Amino acid sequence: MTMSKLKSITSVLAILLLLSPLAATPHEMGPVGPDGREIVCDLPQAEKKHNVGGRDGAGLCVFTSIEYAGRWQHVLPLFDFQKDMTQEDGGGWPDKVDDMLKKYAPSVAYIQDTTGDPKILELALKTGRMPCVTYDGHDCHYSGTIGHMICLVYLDDQYAAVTDNNFPEDEQVTWMTRDEFLARWRGNGGGWTVILLSPPPPPLPHNHK
Amino acid sequence: MKYLLPVLVFSLCLVAIAPAPIKGWGGGGCPTADPVGPTLPVVTSPSTPYTWEAWTSQGPGVWKLRDRSDGNCAGCYRADDGHYYPWLGNGVWGEPTTPPINPPAAPLTGVVSDRIPPGVRSINGHPVTAAVEEATLTSAGGTLTDDSNKPFLVVVGTKDECDAVENDLTTRPELSALRSGVLFQSYRPNEWPVGNLYAGGHPDIVLEDHSGNVLGRLSSYPGPDGLRKIDPNYNPSLDPNPLAPPAASTSDLTSNPLVWIGLVGVGVVLYLHSRSKGTK
């Protein structure tokens with residue numbers, strides 16, 4: 001093997017080594033992800049609000065995410081949940097979610113789970129429901145660790161996709177590997193999910209074949 | 001020649017303290033590419049012609065400032081160095097300066113991480129154990145069963161029209177089988193999930209399977225008897241007849257202790273009878 005060939009091979013390997021971490025980094029792809037995967041919960045952009053602050057300025061990502069799920073699953077008492085919550089202090093945790101749902105939407109049925117076990121996320125998505133999940137950042141939108149809640153719109157044994165209430169446009173749906181998602185879900189003391197139990201919207205109709 | 005070494009050392013020092021170049025970014029701190037392309041408005045300043053847009057293709061914390069009056073990029077802001085760079089056009093970025101409007105704040109979040117108790121499961125605010133959650137989730141009538149194969153019964157109309165259907169569906173006993181076998185949703189005609197499902201009925205009542213096959217459609221509510229016929233699996237012979245006498249089933253008999261006592265008694269009598277015959 002000549003020295004020039006060796007250099008070429010070394011260069012290619014070096015480039016591949018440099019590119020591999022980039023390929024695995026969460027990035028925006030929109031509703032259609034790797035190998036044509038399509039998100040399960042395709043809430044129209046017009047239904048997705050930007051995150052805002054509560055009366056103390058702290059963020060309402062938890063309650064904005066729950067409103068997303070409410071709009072997806074047609075839970076009418078949650079259609080203005082974010083607006084309701086602007087009258088309250090920002091910030092969210094499980095007990096506060098119980099209190100606020102009791103106050104603003106007492107008829108709503110829901111599950112909360114902080115075990116970090118993805119089985120419940122898989123069941124929710126399999127049945128068309130939109131799980132709200134904690135997310136600790138480290139992606140194309142956040143350079144560091146954050147305490148955030150977003151909505152999981154796709155999960156299989158290889159990939160996951162999320163829609164973020166800070167970046168809610170359709171083309172900003174962010175895809176990552178399953179492991180990357182699970183690490184971000186469980187990171188920063190997370191592993192928390194809120195799942196509404198109402199059924200999802202009906203599929204697009206077509207004539208019976 | 002005698003100045004060569006100091007100049008070389010000085011140059012090396014300059015290189016050492018200079019920030020590491022970022023791929024795709026020019027000396028001014030912003031991308032060398034012309035800042036055009038899809039816009040992602042994030043923060044609009046209504047009193048000015050400017051909008052901050054998250055420039056996510058350049059990484060987190062990078063924003064471009066769009067001048068809405070002409071649609072052009074006015075500059076960009078990098079949260080990592082806290083500087084605003086004006087766009088001078090023709091691939092040139094200016095030196096850091098004060099932006100026309102305040103830089104965008106860091107995205108709001110809102111999870112209070114240290115108040116998330118680990119390993120807790122709850123349903124409607126009531127904590128449950130893993131076993132209870134599992135049982136609840138997997139049992140019939142539970143809260144999150146795998147109902148992905150159930151058909152959708154969708155009602156689209158005015159609130160009054162839809163409420164009439166929903167009330168009957170939840171209260172009339174003859175509709176209980178239909179109710180437990182479908183995923184029910186009620187919509188107004190202008191709502192996004194039913195844009196192509198609504199056909200002007202009063203209300204439209206549509207049964208479709210999980211893949212979207214329409215299994216049945218009614219253009220008005222015919223009452224409970226008519227509604228249950230929308231189910232293609234509906235079988236009139238399975239309807240309960242309130243005038244028919246209740247039939248005693250095998251399980252009813254075997255669960256009655258008196259039946260067992262009687263059977264044991266008969267057995268004892270037969271045994272004693274056979275023994276008395278044998279001794280004669």
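The listed protein sequences derive, respectively, from chains A and B. So the first sequence is residues 1 to 209, counted in the working numbering. So the second sequence is residues 1 to 280, counted in the working numbering. Heads up, the beta-carbon is just placed ideally off N, CA and C, and yes, glycines get one too. Everything numeric in this text was worked out from a predicted model, so none of it was measured.
What alpha helix (DSSP H) runs, 4 residues minimum, are completely inside the stretch 75-148 of chain A?
Runs of the alpha helix (DSSP H) spanning 4 or more residues and lying entirely within the stretch 75-148 of chain A occur at 81-85, 94-104, 119-126, in chain order.
Jot down the residue ranges of each uninterrupted beta strand (DSSP E) in the stretch 176-207 of chain B, minimum 3 residues, whole runs only, in chain order.
Counting whole runs of 3 or more residues, the stretch 176-207 of chain B contains the beta strand (DSSP E) stretches 183-187.
Do you know offhand how far G125(B)'s Cα is from P86(B)'s?
Distance from the CA of G125(B) to the CA of P86(B), rounded to the nearest whole angstrom, comes to 52 Å.
Please list the residues of the stretch 49-76 of chain B that have a C-beta atom closer than 9 Å to any C-beta atom in chain A, keeping them in chain order.
Those residues of the stretch 49-76 of chain B that come within reach of chain A (Cβ to Cβ, closer than 9 Å) are A54, T56, S57, G59, P60, G61.
To test your reading of the DSSP string, which unbroken beta strand (DSSP E) runs of 3 or more residues are found completely within the stretch 80-139 of chain B?
The stretch 80-139 of chain B contains these whole beta strand (DSSP E) runs: 83-89, 121-123, 126-128.
Distance CB(L152(A))-CB(L182(A)) smaller than 8 Å
The answer is no: Cβ separation not under 8 Å.
Contact check, Y154(A) vs G30(A) under 8 Å by CB: the rounded distance?
In this structure Y154(A) does not touch G30(A) by the C-beta definition: roughly 12 Å separates them, more than the 8 Å allowed.
Between the alpha carbons of P168(A) and K102(A), how many angstroms are there, rounded?
Separation of P168(A) and K102(A) (C-alpha to C-alpha, rounded to the nearest whole angstrom) is 27 Å.
Straight-line CA distance for K48(A) to G70(A)?
Cα-Cα distance, rounded: 11 Å.
As a quick exercise: from D179(A), P201(A), P200(A), T193(A), pick the residue whose alpha carbon is nearest that of T25(A).
The residue with the shortest Cα to Cα distance from T25(A) is D179(A).
Using only the alpha-carbon positions, how far apart do V62(B) and A54(B) sit?
For the pair V62(B) and A54(B), the Cα-to-Cα distance works out to about 6 Å.
Element boundaries [beta strand (DSSP E), containing Y221(B)]:
Membership of Y221(B) in any beta strand (DSSP E) is not indicated, and neither H nor E is assigned to it by DSSP.
Between D147(B) and A109(A), what straight-line distance do the alpha-carbon atoms span, to the nearest angstrom?
Here the C-alpha atom of D147(B) lies approximately 16 Å from the C-alpha atom of A109(A).
Once you ignore the five residues that flank Q185(B) on each side, which residues in its own chain have a CB closer than 6 Å to its CB?
Hits under 6 Å: V154.
According to the neighbour-count rule (16 or more other Cβ atoms, all chains shown, within 10 Å of its Cβ), is D81(B) buried or exposed?
Within a 10 Å sphere around the beta-carbon of D81(B) sit fewer than 16 other beta-carbons, which makes this residue exposed.
Mark L204(A) as exposed unless 16 or more other C-beta atoms lie within 10 angstroms of its C-beta, in which case mark it buried.
Counting Cβ neighbours within 10 Å, L204(A) comes out exposed, since fewer than 16 surround it.
Name, please, each residue of chain B whose Cβ falls closer than 9 Å to the Cβ of E67(A).
Against E67(A), chain B offers no close residue; the least beta-carbon distance is about 13 Å (beta-carbon pairs closer than 9 Å).
CA-to-CA distance, G128(A) to T98(B), given in whole angstroms
Cα to Cα, the separation comes out at about 48 Å.
Report the partner residues of R71(A) according to the DSSP bridge assignment.
The partner list for R71(A) (beta bridge, DSSP) is empty, contrary to what the question assumes.
For G223(B), which of V165(B), I101(B), H83(B), C76(B) has the nearest alpha-carbon?
Nearest C-alpha to G223(B): V165(B).
Taking all protein chains shown into account, decide if Q82(A) is buried (16 or more other Cβ within 10 angstroms of its Cβ) or exposed.
Q82(A) sits buried, since 16 or more C-beta atoms from the chains shown fall within 10 Å of its C-beta.
In whole angstroms, what is the alpha-carbon distance linking P232(B) and L218(B)?
Distance between P232(B) and L218(B), taken at the CA atoms: about 13 Å.
Using a Cβ-Cβ cut-off of 6 Å (strictly less than) and excluding sequence neighbours within five positions of L108(B), which residues of its own chain qualify?
Here the set comprises nothing.
DSSP three-state assignment for D164(A), whether helix, strand or coil
The answer is strand: DSSP assigns D164(A) an E or B state.
Can you confirm whether G200(B), when its beta carbon is compared against all beta carbons of chain A, has any partner nearer than 8 Å?
Taking 8 Å as the CB threshold, G200(B) stays off the interface with chain A.
Alpha carbon to alpha carbon, what distance is there between D225(B) and A177(B)?
Going from the Cα of A177(B) to the Cα of D225(B) covers about 12 Å.
Is the CB-CB distance between D27(A) and S198(A) below 8 Å?
Checking the sequence shown, residue 27(A) turns out to be His, not Asp. By the CB criterion at 8 Å, H27(A) and S198(A) fall outside the cutoff.
Return the residues of the stretch 119-133 of chain A that lie within a Cβ-Cβ distance of less than 9 Å from chain B, sorted by chain order.
Per Cβ criterion, the list reads I120, L123, A124, K126, T127, G128, R129.
Would L197(B) pass as an interface residue toward chain A - the criterion being a Cβ-Cβ separation below 8 Å?
Cβ-Cβ to chain A under 8 Å: yes for L197(B).
With distances taken between CB atoms, is the gap from W72(A) to M130(A) smaller than 8 Å?
Yes, the Cβ-Cβ distance between W72(A) and M130(A) is below 8 Å.
How far does the alpha helix (DSSP H) with W185(A) in it reach, from first residue to last?
178-186 is the span of the alpha helix (DSSP H), which, as asked, contains W185(A).
Spatially closest choice to T145(B) from A105(A), I111(A), E67(A), by CA coordinates:
The shortest C-alpha to C-alpha distance from T145(B) to any of A105(A), I111(A), E67(A) is the one to I111(A).
Note down the Cα distance separating N188(A) from Y50(B), rounded to an integer number of angstroms.
For N188(A) and Y50(B), the distance between alpha carbons rounds to 35 Å.
Tell me which residue opens and which closes the alpha helix (DSSP H) that A164(B) is part of.
It spans 159-171 - the alpha helix (DSSP H) in which A164(B) sits, taken as one unbroken run.
Amino acids of chain A, ordered along the chain, whose beta-carbon sits closer than 8 Å to that of Y187(B):
Per Cβ cutoff of 8 Å: H74.
Straight-line CA distance for G89(B) to Q172(A)?
For G89(B) and Q172(A), the distance between alpha carbons rounds to 27 Å.
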